[in-house]
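Asks:
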Amino acid sequence: MSTDRRVVLVTGGASGLGEAIVSRFASNGDHVVVADVDEYRARQVVDNLVAARLRADLATVDVTAEGEVAAMVDSLLERHGRLDALVCSAAIETRSSVVDCTDEDWQRVLDVNVKGPFLCCKHGIPAIARSGGGAVVLLGSVLGAIGSPGYAAYCASKGALVNLGKQAAIEHAPDGVRVNIVSPSATDSGLFARVAAQSDDPDGMMQMVARNTPMQRLGTAAEVAATVEFLCSDGAAFISGTVIPLDGGMAARRIV
Amino acid sequence: MTAGQLAGKVALITGSASGQGRAAAQLFAEHGAAILVVDVNDDGMHETVACIEGAGGRAIAWHADVSQRADCDAMVAAAIEAFGRLDVLYNNAAIQMSGRVVETTEEMWDVTIATNLSAIFWACRAAIPHMLAGDGGSIVNTSSTLGQQGSEGYAAYGAAKAGLIALTRQIAVEYGPKVRANVIAPGSIDTPRFRKVTDGMDDAEGFLAMLQRTIPLRRLGLADDVAQLALFLASDASAYTSGAVIPCDGGLAAFR
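So the protein lines, in turn, are chains A and B. FYI, in this note's numbering the residues of the first sequence are 986 to 1241. FYI, in this note's numbering the residues of the second sequence are 659 to 914.
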């Protein structure tokens, strides 16, 4: 057990943005606990990091099950003795409008995207507080601030996540725990990229989104990881309860 | 955060004779930027330059009253003349005059709007063509918690601080591919200017204690807290964030 090395827990750490965030922290010398429901991919991520002489281990977890989340935090504390940062990156996306969205889709999206971060905060924040304080970063979305046709449940979940984060920030600031939300738009390797890959014209879909963005390109997972890193650093010591968009200016612009 | 995040860059920082502006000038210089230190306070700005040079950095002092359009044009020209390029424009200078709407004189209104809002328009208008002609740029504008929420006695100040948020979004949208523009919204930051306000109070200690109780993180901000966020926004660490308003307020904006 090392006390000078930060211990960072990343849910959804086996793929997409979560994986990029895991890499960033591990490259900085932190110990990263890669938590994911996909044990096979999470193990691959951990094995690759360990092979590169970086520090990581695995937690298989369904973030919608409180017992599993609690056990994950307990086990992490047993192994490492501390938790300095929690990054909630696990999320799913469905494509359906308000009228078309099924009960099952609605519940599943709200469970993974809101209840999951709630449970991780509920069990992770006390662990961070007992470790002397630290940071929580919730991965939101630009669709938590603006709407988009066909993302009913997803938009609702990401909007709810913002105020969950602000609430946690207010309540646990006196414990030395800062909570912020990072809100990406389409990136080259997040959920959007996966949805685009399944469409008839993946390149066309990605280019269309890029054209509608003031910065005229998609974001990258590395850019998201850099912002998460900043929010977990001492440079952000007075920043809590905020939303940092990574959307190339998309939310600032009305589509004419 | 890694060192040298602004290596080879040139930054113009207004209001950098003291407080948040000086902290940013020193931090940006530590990270490799050459700084045009702009202020109306000649002694203070020369001190800032001396601090930077003493630490091995590059800086030049430039006298400008940003409430005057000609001064804004001249300071941007001075940065180009001195350093050959302009990558970062950090509009930090501001004045704070108290007064409810009915008690705000026309003179107070004009000076506040000129210094806190028109100055930013003039500086950006002068700087953007140089950024477009170069490698692009990052503009950081300083609003306030009071740019998004009201508080008794800040009629002109609040209006100016809200106006610059809309102006920043315009810049983000209009010059997106090459120029990013973001807003910092500081809360209560313990600077010489802040102390000048509280020193005039009958019960300064009581006021400070009350203020700290209302801030979720239970302390005032430091000039360096804001400087660290400004560095994040000025540097490539925030490469896909534009048109955003980021509070640096210990959780205050999430609370009210």
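Every residue gets a Cβ at the ideal spot worked out from N, C-alpha and C, and that includes glycine.
For chain A, check one thing: does any of its Cβ atoms lie closer than 8 Å to the Cβ of residue 712 (chain B)?
Replies: What you label residue 712 (chain B) is simply residue 54 of the second sequence in a count that begins at 1. Not a single CB atom of chain A sits nearer than 8 Å to the CB of residue 712 (chain B).
Asks: Any contact of the region 671 to 678 of chain B with the region 1225 to 1232 of chain A, i.e. 3+ C-beta pairs under 8 Å?
Replies: no
Asks: Since residue 917 (chain B) is in the alpha helix (DSSP H), which residue starts that stretch and which ends it?
Replies: It is not possible to answer for residue 917 (chain B), since the shown part of chain B is limited to 659 through 914.
Asks: In its own chain, which residues sit with a C-beta less than 6 Å from the C-beta of residue 916 (chain B), not counting the 5 before and 5 after it?
Replies: Because chain B here runs from 659 to 914, residue 916 (chain B) falls outside it and cannot be looked at.
Asks: Which same chain residues end up closer than 7 Å to residue 986 (chain A) when comparing Cβ atoms and leaving out the 5 residues on each side of it in sequence?
Replies: Walking along the first sequence from the start, residue 986 (chain A) turns up at place 1. Note that residue 986 (chain A) has pLDDT 43, beneath the 50 cutoff, so the model's placement of it is unreliable and no number is given.
Asks: Taking the beta strand (DSSP E) that residue 1229 (chain A) falls in, what are its first and last residues?
Replies: Counting from one through the first sequence, the residue named residue 1229 (chain A) turns up at place 244. Unbroken beta strand (DSSP E) run through residue 1229 (chain A): 1228 to 1231.
Asks: Suppose contacts are defined by Cβ-Cβ distances below 8 Å. Is residue 1044 (chain A) in contact with residue 1127 (chain A) by that definition?
Replies: Counting from one through the first sequence, the residue named residue 1044 (chain A) turns up at place 59. Counting from one through the first sequence, the residue named residue 1127 (chain A) turns up at place 142. For residue 1044 (chain A) and residue 1127 (chain A), no; Cβs fall outside 8 Å.
Asks: Strictly below 7 Å CB to CB, what residues from chain B border residue 1177 (chain A)?
Replies: Against the first sequence, residue 1177 (chain A) aligns to sequence position 192. Chain B residues near residue 1177 (chain A): none, gap ~13 Å exceeds 7 Å.
Asks: Find the residues of chain B that neighbour residue 1200 (chain A), judging by a C-beta separation of less than 8 Å, and give them in chain order.
Replies: For the purposes of this step, residue 1200 (chain A) is taken as the residue at position 215 of the first sequence. Neighbours of residue 1200 (chain A) on chain B, chain order: 834, 835, 838, 898 and 900.
Asks: Smallest Cα separation from residue 1222 (chain A): which of B:799, B:710, B:666 and B:878?
Replies: The sequence position of residue 1222 (chain A) within the first sequence is 237, counting from 1. The shortest Cα separation from residue 1222 (chain A) among B:799, B:710, B:666 and B:878 belongs to B:878.
Asks: Distance cutoff 8 Å, beta carbons only. Does residue 1224 (chain A) sit that close to anything in chain B?
Replies: As a position in the first sequence, residue 1224 (chain A) is number 239, starting the count at 1. Judged by the 8 Å Cβ criterion, residue 1224 (chain A) is in contact with chain B.
Asks: Can you pull the DSSP bridge partners for residue 693 (chain B)?
Replies: Reading the second sequence from its first residue, position 35 is the one you call residue 693 (chain B). In DSSP, residue 693 (chain B) forms a bridge with B:669 and B:717.
Asks: Are residue 1168 (chain A) and residue 1138 (chain A) closer than 8 Å when you measure CB to CB?
Replies: One-based indexing of the first sequence puts residue 1168 (chain A) at position 183. One-based indexing of the first sequence puts residue 1138 (chain A) at position 153. Cβ atoms of residue 1168 (chain A) and residue 1138 (chain A): not closer than 8 Å.
Asks: On the DSSP letters alone, give me the boundaries of the alpha helix (DSSP H) that residue 795 (chain B) sits inside.
Replies: For the purposes of this step, residue 795 (chain B) is identified with residue 137 of the second sequence, where counting begins at 1. In the DSSP assignment, residue 795 (chain B) falls outside any alpha helix (DSSP H) and lies within the beta strand (DSSP E) extending over 795 to 800.
Asks: With a cut-off of 8 Å, do at least 3 Cβ pairs link the region 881 to 890 of chain B to the region 815 to 833 of chain B?
Replies: Touching, no, given that fewer than three Cβ pairs across the two stretches are closer than 8 Å.
Asks: Nearest chain A C-beta to residue 906 (chain B) closer than 8 Å, yes or no?
Replies: Locating residue 906 (chain B) in the second sequence gives position 248, counting from the first residue. Yes - at least one Cβ of chain A is within 8 Å of the one on residue 906 (chain B).
Asks: In the DSSP assignment, find the alpha helix (DSSP H) that holds residue 1064 (chain A) and state where it starts and stops.
Replies: On the first sequence, position 79 is the one that residue 1064 (chain A) refers to. Element bounds for residue 1064 (chain A): 1051 to 1065.
Asks: In its own chain, which residues sit with a C-beta less than 7 Å from the C-beta of residue 831 (chain B), not counting the 5 before and 5 after it?
Replies: Your numbering for residue 831 (chain B) matches position 173 in the second sequence. Closer than 7 Å at the Cβ level, and outside the excluded window around residue 831 (chain B), lie 901.
Asks: Tell me which residues share the same chain as residue 929 (chain A) and place their Cβ nearer than 7 Å to its Cβ, disregarding the 5 neighbours each side in the sequence.
Replies: What the structure shows of chain A is the stretch from 986 to 1241, and residue 929 (chain A) is not part of that stretch, so it cannot be assessed.
Asks: Which residues bound the alpha helix (DSSP H) around residue 1140 (chain A)?
Replies: Here the question's residue 1140 (chain A) lines up with position 155 in the first sequence. 1137 to 1157 is the extent of the alpha helix (DSSP H) around residue 1140 (chain A).
Asks: I need the straight-line Cα distance from residue 1078 (chain A) to residue 1181 (chain A), nearest angstrom please.
Replies: Here residue 1078 (chain A) corresponds to residue number 93 of the first sequence, with the count starting at 1. Here residue 1181 (chain A) corresponds to residue number 196 of the first sequence, with the count starting at 1. Each residue's Cα considered, the two are about 12 Å apart.
Asks: Quick one: grab the DSSP three-state call for residue 1025 (chain A).
Replies: Translated into positions along the first sequence, residue 1025 (chain A) becomes position 40. Residue state, collapsed to three classes: helix.
Asks: Taking only beta-carbon positions, decide if residue 1196 (chain A) is within less than 8 Å of chain B.
Replies: Working through the first sequence from its first residue, we reach residue 1196 (chain A) at position 211. Not closer than 8 Å to any Cβ of chain B, the Cβ of residue 1196 (chain A) fails to qualify, so no.
Asks: For a contact defined as C-beta to C-beta under 9 Å, what are the partners of residue 886 (chain B) on chain A?
Replies: Position 228 of the second sequence holds residue 886 (chain B). By Cβ distance, chain A contributes 1215, 1218, 1219, 1220, 1221, 1222, 1223 and 1224.
Asks: Based on Cα-Cα distance, which residue from A:1047, A:1225, A:1116 and A:1020 lies nearest to residue 1093 (chain A)?
Replies: Start at 1 with the first residue of the first sequence, and residue 1093 (chain A) comes out as number 108. If we check each option's Cα against that of residue 1093 (chain A), A:1047 comes out closest.
Asks: Report the start-end ranges of each alpha helix (DSSP H) in the region 723 to 751 of chain B that is 4 residues or longer and not cut off at the edges.
Replies: The qualifying runs are 727 to 741.
Asks: Which of the three DSSP states is assigned to residue 829 (chain B) in this structure?
Replies: To locate residue 829 (chain B), count along the second sequence from 1; it is residue 171. Here residue 829 (chain B) sits in helix by DSSP.
Asks: Would residue 745 (chain B) pass as an interface residue toward chain A - the criterion being a Cβ-Cβ separation below 8 Å?
Replies: The residue labelled residue 745 (chain B) in the question sits at position 87 within the second sequence. By this cut-off, residue 745 (chain B) is not an interface position.
Asks: Does the beta-carbon of residue 1057 (chain A) have 16 or more other beta-carbons within 10 angstroms, so that it is buried, or is it exposed?
Replies: The sequence position of residue 1057 (chain A) within the first sequence is 72, counting from 1. Burial call: buried.
Asks: Does residue 703 (chain B) pass the burial test, meaning 16 or more other C-beta atoms within 10 Å, or should it be called exposed?
Replies: For this step, residue 703 (chain B) is matched to residue 45 along the second sequence. By the 10 Å Cβ count, residue 703 (chain B) comes out buried.
Asks: Strictly under 8 Å for the Cβ-Cβ distance: is residue 735 (chain B) near chain A by that measure?
Replies: Residue numbering aside, residue 735 (chain B) sits at position 77 when the second sequence is read from its first letter. The beta carbon of residue 735 (chain B) does not come within 8 Å of any beta carbon belonging to chain A, so the residue lies off that interface.
Asks: Does the beta carbon of residue 1112 (chain A) come closer than 8 Å to any beta carbon on chain B?
Replies: Along the first sequence, one-based indexing puts residue 1112 (chain A) at 127. No, its Cβ sits nowhere closer than 8 Å to a Cβ of chain B.
Asks: Does the beta carbon of residue 874 (chain B) come closer than 8 Å to any beta carbon on chain A?
Replies: In the second sequence, residue 874 (chain B) corresponds to position 216, counting from 1. Yes, its Cβ sits closer than 8 Å to a Cβ of chain A.
Asks: Which class does residue 1008 (chain A) belong to by DSSP, given the choice of helix, strand or coil?
Replies: Counting from one through the first sequence, the residue named residue 1008 (chain A) turns up at place 23. Helix at residue 1008 (chain A).
Asks: With three or more beta-carbon pairs closer than 8 Å as the criterion, would you say the region 720 to 739 of chain B touches the region 757 to 766 of chain B?
Replies: Flag = no, the region 720 to 739 of chain B and the region 757 to 766 of chain B do not touch.
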